[in-house]
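Novice:
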């Protein structure tokens, strides 16, 4: 998949939101079952709850690998 497809601007079928959701879901080191992913333009917004503080950092890291540095807004809380 090229950058345009991952960012939802190309002709690909996967949107930025779905790529990030998929990456979080398939990550072996965090439980993303209570994370909601939305987008606003080229920004990714993460909302919901995680079990460990480190999961917040990891979710942002995974999301920024896809959306780009500084393109993730995190509203996750630790339960």
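Residue numbers (this note's numbering): 27 to 105. Ideal placement from N, C-alpha and C gives every residue a C-beta, glycine not left out. These numbers were taken from a predicted model, which means no experiment stands behind them.
Which residues in the same chain as residue 103 place their Cβ atom closer than 6 Å to its Cβ, once the five residues preceding and following it in sequence are excluded?
Specialist: 75, listed in sequence order.
Novice: Quick one: using the 10 Å Cβ neighbour count with 16 as the cut-off for buried, is residue 55 buried or exposed?
Specialist: Exposed.
Novice: Select from 81, 89, 52, 58 the residue whose C-alpha is nearest the C-alpha of residue 43.
Specialist: Of 81, 89, 52, 58, the residue nearest in Cα terms is 89.
Novice: Could you check where the alpha helix (DSSP H) with residue 80 kicks off and where it finishes?
Specialist: Residue 80 -> alpha helix (DSSP H) spans 79-93.
Novice: When you compare only the Cα positions, how much space is there between residue 92 and residue 41?
Specialist: Going by the C-alpha atoms only, they are around 11 Å apart.
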